[in-house]
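Under numbering that gives the first Met the number 0, the residue at position 115 of the sequence shown is numbered 114, and the numbers go up by one with no gaps. Cβ atoms here follow ideal geometry from the backbone N, Cα and C, with glycine treated the same way. Values in this document were obtained by computation on a predicted structure and should not be read as measured data. What follows is a single structure, written as structure tokens, with notes after it.
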Amino acid sequence: MPVRVTRREAGSVRTGPGRVSTDGDRAAGSETLAALALAQVEASPDGVLLMAADAQTCFVNRRFAQIWGLPADAVAARDAPTTLRTAARQVADPGSFVTRMETPGPGGPTHDDVALADGRLLERYGAPLHDADGAYLGWAWHFRDVTTRRRTEAELRKLADTLQASLLPPRPPKIPGMQVAARYRPAREGLEVGGDFFDVFRLRSNDWGLVVGDVCGKGAAAAALTALARYSLRAAAVHQEAPADVLRELNGALLDEPELGERFCSVVFARLEQDVCGAWVTLACGGHPQPVVVRRAGWIDLRGQPGMLLGLFDDPELADDRVGLGPGDALVFCTDGITEARDSSGRMFADEGLPGLLLECANADAQHTADRVVAASLAHSAGRLDDDIAVLVVRVPEEAAEDPLGRLETATGAPRDQLPLPGYPVGEPYWDRNRRPAPPREARLKVAPGPDTVGAAGRFVSSVLHSWRMSELATDEVERRTQDVVAEAARGARSGVTVVVRYNGRRVRVEAGPGPGAVGPGPAPPRVSFELPADS
């Protein structure tokens, strides 16, 4: 018999040949869906409370009754005020609990914790309920007992923190006669142990090891690799004089541990010795960001050769570099969490942000410099910490020149006539330390507008060439050409000129131009430069 469709059924939908769904069909379907929804709520591992818009009627599932210890008659009554009062007696802060549940309003979903007087902790999720037309019906509340999980997480967090602490020096590093500052922040999510590490340790009375590194990965495997790297470096530094040889020994130790899998690390190792002028640092980089010398005279100098990552190749390319630090000079080590921090446009902090900041730290102490590096990198990335960060700064105090021998006596514990001075990089057997630093090399100076702008720039380039053991290039002609390009770059500059010296192994390039915000109205002046042949 055919089904007659009335006006009331005009909006119904065909469900098959000759078949049209009616209001009765939809009502039956709604009842089925309601029964399925009720069964799902009853089967939920969360305690569920459905509260009507008038806050007087409610429905609770079995799990809710178990969590709150509700008697059967209270569950059957579906009386919201009674249910809430019964639950509130078990809450550490009953007043705010009842207020939040009775007057949530029709706003968006919420998520918070509810502490119970017996020490249990519940996660509370809430969301408003609306019908198909958007009318507000009430709220659905879900409660989950997370007491055991949170306790376990707290224990694992404590374990992770303890493990992380064991991979770092147990106290702030110190070198008598030097300023030392270290900063470390993990970017871990959950309970993972970070991969960055640093270390400062004494080898002899006037011989200190400095380490900054970054291992591949996170978690327990990275922690095992970090521990292996840190202690292998300490052991190798005892009998290996050259930092590059120390890193080669670490590379062998990593390759000898097949259970680590394909894991590697980047490390910079430096050996610091103090002298009557300040300190000498010999360093080698194994795939790590190069450290930066911050000169008291106002310029910065990128030192060391990037080298190759450790733990991947049998014979990685590594090279030593030797740099002198005078009173007020600092050496800054960073991991790639600092150098590779990116802003919204994708620019890395190492491109211009870090050099510009370090130029401003030319007269800052070690602690201030380390703090500013961390703060500026976080500001550059808008507070995002996508990777662990570690910073190590060593600096010769300005007052080191006042009583150099007394400073060395205090620092080394040796009498004045037996001071363990370093081997100076002149003549045999230190001829190799007179060789030019391996490329790439870069130094920068920012000079303020004034009558001595071009003169300061010329002296800077000469100082850099001497520091890079290219004294034969530091001629009057080079100084004059430097002054010419700086004078041209300074035209129209409002707040100063940045001079950059780069060496690529074949040529030295001297470049000058305004820094960001250093130009007046109109188009920015072009950067000007000249080059010198400087084959290794």
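Taking C-beta separations shorter than 6 Å and ignoring five residues to either side along the sequence, the partners of proline 436 in its chain run Asp320 and Trp467, following chain order.
Taking each of Leu358, Asp198, Glu30 and Ala54 in turn and checking the Cα distance to alanine 447, the smallest one comes out for Leu358. Per the Cβ contact rule, the segment 201-213 is in contact with the segment 260-276 (3 or more Cβ pairs under 8 Å). Taken through DSSP and simplified to helix, strand or coil, methionine 100 comes out as helix.
Inclusion of valine 477 and leucine 444 in the CB contact set at 8 Å is not warranted, their separation being larger than that value. Of the residues assessed, glutamate 441 falls on the buried side of the cut-off, its CB having 16 or more other CB atoms within 10 angstroms.
Taking all protein chains in view, the Cβ of glutamate 316 is surrounded by fewer than 16 other Cβ atoms within 10 Å, so the residue is classified as exposed. In this structure leucine 301 touches glutamine 289 by the C-beta definition: roughly 5 Å separates them, less than 8 Å.
Residue environment analysis places serine 376 among the buried positions, since at least 16 neighbouring C-beta atoms fall within 10 angstroms of its C-beta. A Cβ-Cβ distance of about 7 Å is found for the pair alanine 361 and arginine 294, placing them in contact under the 8 Å criterion. Assigned with DSSP and collapsed to three states, aspartate 130 falls in coil, not helix or strand. Annotation for glutamine 273: the continuous beta strand (DSSP E) segment containing it runs 264-274.
Across the structure, proline 513 and aspartate 370 are spaced so that their CA atoms are roughly 27 Å apart.
Contact between proline 396 and valine 275 fails: their C-beta atoms lie close to 14 Å from each other, not under 8 Å. Judged by DSSP in its simplified three-state form, glutamate 359 adopts helix. Shown here, proline 168 sits in coil according to DSSP, grouped into three states, outside any helix or strand.
Per DSSP, the unbroken beta strand (DSSP E) holding tryptophan 207 starts and ends at 206-214.
Excluding the 5 residues flanking it on each side, glycine 176 has same chain C-beta neighbours closer than 6 Å at Gln273, Arg406 and Ala410, in chain order. The C-beta separation of leucine 271 from proline 242 comes to about 11 Å, leaving the pair out of contact by the 8 Å criterion. Of all alpha-carbon atoms in Ala349, Asp342, Pro354 and Gly336, the one lying nearest the alpha-carbon of tryptophan 298 is that of Pro354. A straight line joining the alpha-carbon of leucine 418 with that of valine 292 spans about 26 Å. Within a 10 Å sphere around the beta-carbon of glycine 449 sit fewer than 16 other beta-carbons, which makes this residue exposed. DSSP, read as helix, strand or coil, puts glutamine 89 in coil. Residue burial annotation: valine 199 is buried, with at least 16 other C-beta atoms found within 10 angstroms of its C-beta.
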